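Data first, discussion second: the structure below is written as C-alpha cells.
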Ligand SMILES: NC(=O)c1ccc[n+]([C@@H]2O[C@H](COP(=O)([O-])OP(=O)(O)OC[C@H]3O[C@@H](n4cnc5c(N)ncnc54)[C@H](OP(=O)(O)O)[C@@H]3O)[C@@H](O)[C@H]2O)c1
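In this note's numbering, the protein residues as written are 33 to 359.
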C-alpha cells in the first residue's frame, strides 16, 4: 500500500511516499481502508520530536513510528477474530494518536474500542476532521472545566482545530463564550457562535478586567500568571496545548499559584473514549456542532499539509483525502 513515511525527526522534508506492507489486524483490531485523515498538531510534535519533554515519552533519538496520521475516517475492510462490534463495510472514524498513529496510508489497523460509526450526515473528509480535536474540546469543557450553563469561558486559540470545536461545544453547553484569535479569523469564530471576540494582535485578554469561570489555553504563549489574572475567584484554567514552559508552569506551578483560593490551574490530557466519539457523532447529527475544513490535500501533498500545521497558524482543520473522492 501507499504510505507517507518518516525515519528521522525533522521538518516536512523528512516525509516521503513509499510502498509498504499492508497491515494485518490482530484479534481485537479492524483493518480500515482510509478514505480521509486529518492533520493535528500532534503529528507535528511527532515529526519534529517536540516539545522536548514529550520526546522522553516516545523516543529520544529516532522516532519509533514510521507513519503519522491519527484522525482517520474510512471503511472496515476486515476484522480480527475477537472483533464483535464492527463488520466489513462499516463506515467508521477514530483517533489513533495514543495507539501508534498510522493514518497517512491507504490502510491502518485500529483496536475496535478506539473507533465508532461515522456521523451519517458528514462526508469522510468532514468526519476525519473530528476525532482528536472535537473529543479534546469536549473533555476539556465538560470533564476538566466542568462548564455550567451561564458561565463565562475564555477560549485562547479559538481558530485552530481544538478551538473551533471548543467554541461550538461551549455554546452548546450554554456558556458565554469569549474567543481569542487574530484579525483574519474573527469572522470564522463569530460564525461558530462566539459571543465576544478578542483580537490578540490588538487587545490583551488579561488587561481588560473581565474574569472568567473557565479558561482554556489551547494556543498562544501566555504565562500562567496572565491566565491567573483573568480567572474568577473559583475559576479553572486548563492548559490544553503549549510550549515546554507552559507545560512546566501548568503542571508544577498551578497548585502553588492557586494556593487556598479555590481556583484550579492545571492541564488537560485528552483520553481515548469511544463513548465520546459517539457523543460527538450525536452532536454533529443534531446540528449542534460542525467541522470546519480550511484546506484539503491529496496523500502525496501530506508534507505540504504538515508544513502548514507546523506554522502554528493553520485555520480550523486540514484534511488529506487518501481516496481522491473522500469528500
Ligand atoms: N492536551 C491534549 O490532550 C491535546 C489534544 C489535542 C491537541 N493538543 C494541543 O493543543 C494545541 C492546539 O491544537 P490544535 O489542533 O488546535 O492546533 P492548531 O489547529 O494547529 O492551532 C492553530 C491555531 O492556533 C492559533 N494561534 C496561534 N498562535 C496564537 C496566539 N498567540 N493566540 C491565539 N491563538 C493562536 C492560530 O490562530 P491565529 O492564526 O488566529 O493566530 C491557529 O488558528 C497543540 O499544542 C496541540 O498539541 C493537546
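For glycine and all other residues, C-beta sits at the position ideal for the given N, C-alpha and C. Please read these numbers as outputs of a predicted model, since none were measured by experiment.
{"Query": "Below 8 angstroms, how does it come out for the segment 317-325 and the segment 174-183: are there three or more Cβ pairs, yes or no?", "Result": "no"}
{"Query": "For residue 143, name the three-state secondary structure that DSSP assigns.", "Result": "strand"}
{"Query": "Any heavy atom of ligand 1 closer than 7 angstroms to the beta-carbon of residue 302?", "Result": "yes"}
{"Query": "Between the C-alpha atoms of residue 230 and residue 150, what's the straight-line distance to the nearest angstrom?", "Result": "34 angstroms"}
{"Query": "Count the C-beta pairs between the segment 181-191 and the segment 297-316 that are closer than 8 angstroms, then say yes if the count reaches three, no if not.", "Result": "no"}
{"Query": "Hey, could you find the ends of the beta strand (DSSP E) residue 37 is sitting in?", "Result": "34-37"}
{"Query": "What does the Cβ neighbour count give for residue 353, buried or exposed, with the cut at 16 atoms within 10 Å?", "Result": "buried"}
{"Query": "Can you list the beta strand (DSSP E) stretches of 3 or more residues lying completely in the segment 232-283, in chain order?", "Result": "244-249 and 263-271"}
{"Query": "For residue 86, does the three-state DSSP call read helix, strand or coil?", "Result": "helix"}
{"Query": "Contact defined as beta carbons within less than 8 angstroms: I believe residue 209 pairs with residue 227. What is the distance between those atoms, to the nearest angstrom?", "Result": "5 angstroms"}
{"Query": "Determine the extent of the beta strand (DSSP E) in which residue 159 is found, giving its start and end residues.", "Result": "Where residue 159 is concerned, there is no enclosing beta strand (DSSP E), although the alpha helix (DSSP H) it sits in stretches over 156-160."}
{"Query": "Does residue 148 come out as helix, strand or coil in the three-state DSSP assignment?", "Result": "strand"}
{"Query": "Distance, Cα to Cα, residue 17 vs residue 43?", "Result": "In the structure displayed, the chain extends from 33 to 359; residue 17 sits before or after that span and is not available."}
{"Query": "Quick one: give me the first and last residue of the alpha helix (DSSP H) that residue 178 is part of.", "Result": "Taken as a continuous stretch (DSSP letters only), residue 178 belongs to no alpha helix (DSSP H), as it is neither H nor E."}
{"Query": "Work out the CA separation of residue 198 and residue 297 for me, nearest whole Å.", "Result": "18 angstroms"}
{"Query": "I need the boundaries of the beta strand (DSSP E) containing residue 200, first residue and last residue.", "Result": "Looking at the DSSP string, residue 200 is not in any beta strand (DSSP E); the run it does join, the alpha helix (DSSP H), is 193-204."}
{"Query": "Could you tell me which whole beta strand (DSSP E) segments of length 3 or greater appear in the segment 322-351?", "Result": "325-330"}
{"Query": "For the putative contact between residue 9 and residue 60, defined by C-beta atoms under 8 angstroms, what is the C-beta separation to the nearest angstrom?", "Result": "The structure shown does not extend to residue 9, since the chain is modelled only from 33 to 359, so the question has no answer here."}
{"Query": "Candidates 242, 269 and 243: which alpha carbon is nearest residue 254's?", "Result": "269"}
{"Query": "What's the gap between the Cα of residue 146 and the Cα of residue 116?", "Result": "13 angstroms"}
{"Query": "Is it right to say residue 121 is buried, meaning 16 or more other beta carbons lie within 10 angstroms of its own, or is it exposed?", "Result": "exposed"}
{"Query": "What residue does the alpha helix (DSSP H) around residue 106 start on, and which one ends it?", "Result": "No alpha helix (DSSP H) contains residue 106, which is instead part of the beta strand (DSSP E) from 103-111."}
{"Query": "Looking at the structure shown, is residue 72 part of a helix, part of a strand, or coil, going by DSSP?", "Result": "coil"}
{"Query": "Determine which residues share a DSSP beta bridge with residue 50 and list them.", "Result": "35"}
{"Query": "On the three-state DSSP scale, how would you describe residue 116?", "Result": "coil"}
{"Query": "Where residue 292 and residue 346 are concerned, what is the direct C-alpha to C-alpha distance, given to the nearest angstrom?", "Result": "39 angstroms"}
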